[in-house]
Amino acid sequence: MRMSAARSPSTKGNWYNGARFPPGQDNIISQQDEEKHTKRRAQMAEGYAGKTNPTLEPTISMHVQNFIDLLRRNYISSDKEFKPIDMGRKASFLTMDVITDVAFGQPFGNLVNDKDIIANNSHAVKDTDVRQDMLSSFIKDGLDENDVMYESVLQIIAGADTTATAIRSIFLHIMTNPHAYRALQQEIDTAVKDGRVTGEGVIKEPEARELPYLQAVIQEGIRVWPPVTGGLQKLSPPNGDRFTLSSREEVHIPGGVNVGWSSWAMMRDKSTFGVDAEVLRPERWLEGEGTTEGKRGW
């Protein structure tokens, strides 16, 4: 999308005021001043990239293993007992534990306790160990106490739920699509057999990137159920903007107008993703499948 591209003349408008936590206090998403936003991005880039946290992937893998252990411990049905599970809720447990651990050096403990633990004041008081987490990186790079608080709230609210939504979508669509399920299982089994993927523990990130069908499943799961569906408006440049629709119709947007877009509609655009755009079909992301425009958009 041009209006959200790098160096786009479109800027953030007052629509982003709704992302202020607490009201009236800006964070990296709500900040509309370009100079301040650029400075904040530079201050937070290192923390988000994980370069100052060598335990980033092991920490995530640990919580994925906790997630698997929880399912095996409490929710494996047998011919004598049926154990239902709210997979959507467990997905939120996983993402909340990952984000709080990576960001603050201490997880909420939802997976271990199999319940939603909102706060853990005992750790806030007693745990004074120095940790290499996002929070320490933000402080090192110049964020003051209030800024850290605003950005921390944003991470929990925006990060945990959107990631959980992506996981829910992928699980739901794979479990209800026998063809995609079998194809993914076959790719993983073959990779383990060939020694390209470890057969024990949680798969490593470099290994996962070498599984093309898995990557296609992730992209397709996010496409059919976008985690963020808000307007994500941008303010058109002072002199306005002009673009051409897929129907070849030219449209002029006056200057200073908030322009929103629907990720739900765009991800189901048949001119981009084909006549089966409503259906989960990971193959569209593989080489030789789908449209060039569809792949370019990602």
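Residue numbering for the sequence shown follows UniProt numbering, beginning at 1 and increasing consecutively. C-beta atoms are modelled at their ideal positions from N, C-alpha and C, and glycine is treated no differently.
Residues of its chain near residue i, where Cβ-Cβ distance is below 7 Å and the 5 sequence neighbours each way are ignored
i, result
"residue 75", "83 and 85"
"residue 3", "10, 234 and 259"
"residue 114", "70 and 74"
"residue 17", "30"
Cβ neighbour criterion (16 or more within 10 Å) applied to residue i
i, result
"residue 53", "buried"
"residue 282", "buried"
"residue 220", "buried"
"residue 77", "exposed"
"residue 286", "exposed"
"residue 28", "buried"
"residue 160", "buried"
"residue 301", "Absent from the model: residue 301. The displayed extent of the chain is 1 to 298, so no value can be given."
"residue 138", "buried"
"residue 97", "buried"
"residue 25", "exposed"
"residue 265", "exposed"
"residue 214", "buried"
"residue 169", "buried"
"residue 292", "For residue 292, the predicted model reports a pLDDT of 48, less than 50, meaning its position is unreliable and no value from the coordinates is stated."
"residue 267", "buried"
"residue 105", "buried"
"residue 49", "exposed"
"residue 228", "exposed"
"residue 190", "exposed"
"residue 176", "exposed"
"residue 95", "buried"
Helix, strand or coil at residue i according to DSSP, with G and I counted as helix
i, result
"residue 153", "helix"
"residue 250", "strand"
"residue 148", "helix"
"residue 112", "helix"
"residue 259", "strand"
"residue 174", "helix"
"residue 163", "helix"
"residue 59", "helix"
"residue 282", "helix"
"residue 68", "helix"
"residue 267", "coil"
"residue 135", "helix"
"residue 200", "coil"
"residue 192", "helix"
"residue 158", "helix"
"residue 183", "helix"
"residue 107", "coil"
Residues near residue i by beta carbon distance below 6 Å, same chain, minus five either side
i, result
"residue 6", "none"
"residue 100", "107 and 108"
"residue 117", "108, 109 and 110"
"residue 222", "166"
"residue 274", "none"
"residue 145", "none"
"residue 242", "252"
"residue 217", "184 and 282"
"residue 19", "29 and 30"
"residue 269", "none"
"residue 271", "246"
Same chain, Cβ closer than 8 Å to residue i, neighbours up to 5 away in sequence not counted
i, result
"residue 39", "none"
"residue 254", "236 and 240"
"residue 201", "61 and 65"
"residue 303", "Residue coverage of the chain in this structure runs from 1 to 298, which leaves residue 303 outside it and unanswerable."
"residue 13", "32, 233, 234, 235 and 258"
"residue 245", "251"
"residue 157", "21"
Any chain B beta carbon closer than 8 Å to residue i
i, result
"residue 250", "The structure shown has no chain B; it contains just one protein chain."
What runs of the beta strand (DSSP E), each 3 residues or longer, lie entirely inside the stretch 204-245? Fully enclosed beta strand (DSSP E) runs of 3 or longer: 241-244.
Flag this pair as touching only if the stretch 18-34 and the stretch 249-262 have three or more C-beta atom pairs under 8 Å; answer yes or no. Fewer than three pairs of CB atoms, one per stretch, sit closer than 8 Å, so the stretch 18-34 makes no contact with the stretch 249-262.
The stretch 186-202 contacting the stretch 38-45, beta-carbon criterion three pairs below 8 Å: Segment contact: the stretch 186-202 against the stretch 38-45, fewer than three CB-CB distances shorter than 8 Å; contact not assigned.
Give the list of continuous beta strand (DSSP E) stretches no shorter than 3 residues that lie fully inside the stretch 71-102. Runs found: none.
4 or more residues per run - each alpha helix (DSSP H) lying fully within the UniProt region "Disordered" (1-56): As far as the UniProt region "Disordered" (1-56) is concerned, its whole alpha helix (DSSP H) runs of at least 4 residues are 34-49.
Segment contact flag, the stretch 89-105 with the stretch 157-177, C-beta cutoff 8 Å, min 3 pairs: These segments touch.
Between the stretch 138-154 and the stretch 198-206, are three or more C-beta pairs nearer than 8 Å? Counting C-beta pairs with one atom in each stretch, the stretch 138-154 and the stretch 198-206 have fewer than three that are closer than 8 Å, which means they do not touch.
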